[in-house]
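Peer 1: Using the working numbering, read the sequence shown as starting at 8 and increasing by one per residue.
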Amino acid sequence: NKVRRVQCTKMGDYVLNGKINTAESFSDSYESWSADQFANYISGQGLTEYKSCIISHKITGKLAPLLSELDLKEMGIKCIGDRLRFRIIVNNLKTKSRILNQTRCIWQGEERVFYSNTSEFIFTLCGCCPIDPSLYKLQGHHLKIKTVKPFRIGRIRCGICCGNEYSNSNVDLTYVADVDVTGVPAPCVERIMCCAPGKDIVGIEIRGYGGGDVMNHRLILREAEGDHVAQLIMTSVQDSQKMDRE
Numbered sequence: 008n009k010v011r012r013v014q015c016t017k018m019g020d021y022v023l024n025g026k027i028n029t030a031e032s033f034s035d036s037y038e039s040w041s042a043d044q045f046a047n048y049i050s051g052q053g054l055t056e057y058k059s060c061i062i063s064h065k066i067t068g069k070l071a072p073l074l075s076e077l078d079l080k081e082m083g084i085k086c087i088g089d090r091l092r093f094r095i096i097v098n099n100l101k102t103k104s105r106i107l108n109q110t111r112c113i114w115q116g117e118e119r120v121f122y123s124n125t126s127e128f129i130f131t132l133c134g135c136c137p138i139d140p141s142l143y144k145l146q147g148h149h150l151k152i153k154t155v156k157p158f159r160i161g162r163i164r165c166g167i168c169c170g171n172e173y174s175n176s177n178v179d180l181t182y183v184a185d186v187d188v189t190g191v192p193a194p195c196v197e198r199i200m201c202c203a204p205g206k207d208i209v210g211i212e213i214r215g216y217g218g219g220d221v222m223n224h225r226l227i228l229r230e231a232e233g234d235h236v237a238q239l240i241m242t243s244v245q246d247s248q249k250m251d252r253e
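1. Among residues of its own chain, excluding the 5 on either side of Glu212, which ones have a beta-carbon nearer than 6 angstroms to its beta-carbon?
2. For Val188, tell me which candidate among Asp179, Asp207, Tyr173 has the shortest Cα-Cα distance.
3. Please classify Thr242 as buried or exposed, where buried requires at least 16 neighbouring CB atoms within 10 angstroms.
4. Beta-carbon separation of Leu100 and His148 under 7 angstroms?
5. Threshold first: 4 residues or longer. Then list the alpha helix (DSSP H) segments lying entirely within the segment 85-130, N to C.
6. Apart from the five residues just before and just after Cys46, which ones in its own chain have a Cβ nearer than 6 angstroms to its Cβ?
7. Are Pro140 and Glu117 touching if we call contact CB-CB under 7 angstroms?
8. Would you mind stating whether Val191 and Val209 have Cβ atoms separated by less than 7 angstroms?
9. Does Gly190 get closer than 7 angstroms to chain B when you measure Cβ to Cβ?
10. Taking DSSP as the reference, what is the three-state secondary structure of Glu172?
11. Can the beta-carbon of Glu197 be found closer than 7 angstroms to that of Ser123?
12. Looking at the structure shown, is Lys69 part of a helix, part of a strand, or coil, going by DSSP?
13. Less than 7 angstroms between the beta carbons of Pro204 and Glu232, yes or no?
14. Do you know offhand how far Leu70's Cα is from Val178's?
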């Protein structure tokens with residue numbers, strides 16, 4: 008087994024149902040707006056007379072929260088009420104963006120139960136008794152894990168027809184201390200006979216407030232998927248911890 012420590016990288020790709028999709032961080036994020044887009048929004052909120060002013064001063068969505076009271080005066084917004092309304096609009100945008108960031112789906116996947124299709128065919132009785140895998144969903148500030156505890160006969164994992172217990176965990180990424188990836192090769196027979204890939208086990212260490220109450224979770228994924236998922240988790244962890252400090 009090989010353990011790989013994950014380094015955080017900038018998140019540019021998002022994964023849905025195990026597939027990578029290139030996308031912007033959020034399509035509705037005000038921070039990605041150009042000066043024209045931000046001016047149109049401000050105009051739609053009732054401050055139409057300042058649309059050309061915003062465009063001429065090149066105030067993009069990213070720059071808007073940085074404007075001070077003096078900046079607004081220099082831009083020509085002389086009315087105190089309008090300056091207050093402008094700041095309320097920008098603060099509301101920041102709140103909406105934070106909520107969207109917390110709830111957006113970055114990645115979702117399911118447990119890799121079998122190493123090969125042959126094993127799945129045998130242990131599910133030709134598909135008549137399918138397996139209920141654990142499910143994973145990474146959002147902006149939480150990792151949701153539905154862990155299935157299957158009914159077993161000895162070491163044989165039984166399918167849905169035998170009944171399974173499960174538990175749901177909603178992991179606050181603010182308290183994630185470490186993420187590791189362990190590569191587990193497929194059994195020798197399955198590698199030779201079925202060319203079966205291995206599994207990646209993503210280990211997540213959670214530390215409670217003040218560093219106590221250590222808890223561990225793990226995601227069991229297909230080989231070569233673990234590194235990318237772990238990087239997405241670590242990027243979300245850094246974002247969560249940064250927002251928590253703010």
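We put the CB at the ideal spot given by N, CA and C, even for glycine.
Quick caveat, the model's predicted, so the values are computed rather than measured.
Peer 2: Working from what's here:
1. Here residue 212 refers to the residue found at position 205 of the sequence shown. Correct list, in chain order: Ala184, Asp185, Asn223.
2. By 1-based counting over the sequence shown, the position of residue 188 is 181. Nearest of Asp179, Asp207, Tyr173 to Val188, Cα basis: Asp207.
3. Taking the sequence shown and counting its residues from 1, the one referred to as residue 242 is at position 235. When all chains shown are included, Thr242 counts as buried.
4. Counted from its first residue, the sequence shown places residue 100 at position 93. Counted from its first residue, the sequence shown places residue 148 at position 141. Their beta carbons are not under 7 angstroms apart, which means Leu100 does not touch His148 by this criterion.
5. Within the segment 85-130, the alpha helix (DSSP H) runs of at least 4 residues that lie entirely inside it are, in chain order, 87-110, 124-130.
6. Your numbering for residue 46 matches position 39 in the sequence shown. Note that residue 46 corresponds to Ala in the displayed sequence, not to Cys. The beta carbon of Ala46 sits closer than 6 angstroms to those of Lys58, Ile61, Ile62, all from its chain and outside the five residues before and after it, given in chain order.
7. Walking along the sequence shown from the start, residue 140 turns up at place 133. Walking along the sequence shown from the start, residue 117 turns up at place 110. Cβ distance < 7 angstroms, so Pro140 and Glu117 count as in contact.
8. The residue you call residue 191 lines up with position 184 of the sequence shown. The residue you call residue 209 lines up with position 202 of the sequence shown. Cβ atoms of Val191 and Val209: not closer than 7 angstroms.
9. The chain labelled as chain B is not found in the depicted structure, where only one protein chain is given.
10. Numbered from its first residue, the sequence shown carries residue 172 at position 165. It is a strand residue.
11. The residue labelled residue 197 in the question sits at position 190 within the sequence shown. The residue labelled residue 123 in the question sits at position 116 within the sequence shown. One thing to note: Glu197 has its Cβ within 7 angstroms of the Cβ of Ser123.
12. As a first step, residue 69 must be located in the sequence shown, where it is residue number 62. It is coil, neither helix nor strand.
13. Along the sequence shown, one-based indexing puts residue 204 at 197. Along the sequence shown, one-based indexing puts residue 232 at 225. Their beta carbons are not under 7 angstroms apart, which means Pro204 does not touch Glu232 by this criterion.
14. The residue given as residue 70 occupies position 63 in the sequence shown. The residue given as residue 178 occupies position 171 in the sequence shown. In this structure, the straight-line span from the alpha carbon of Leu70 to that of Val178 is close to 33 angstroms.
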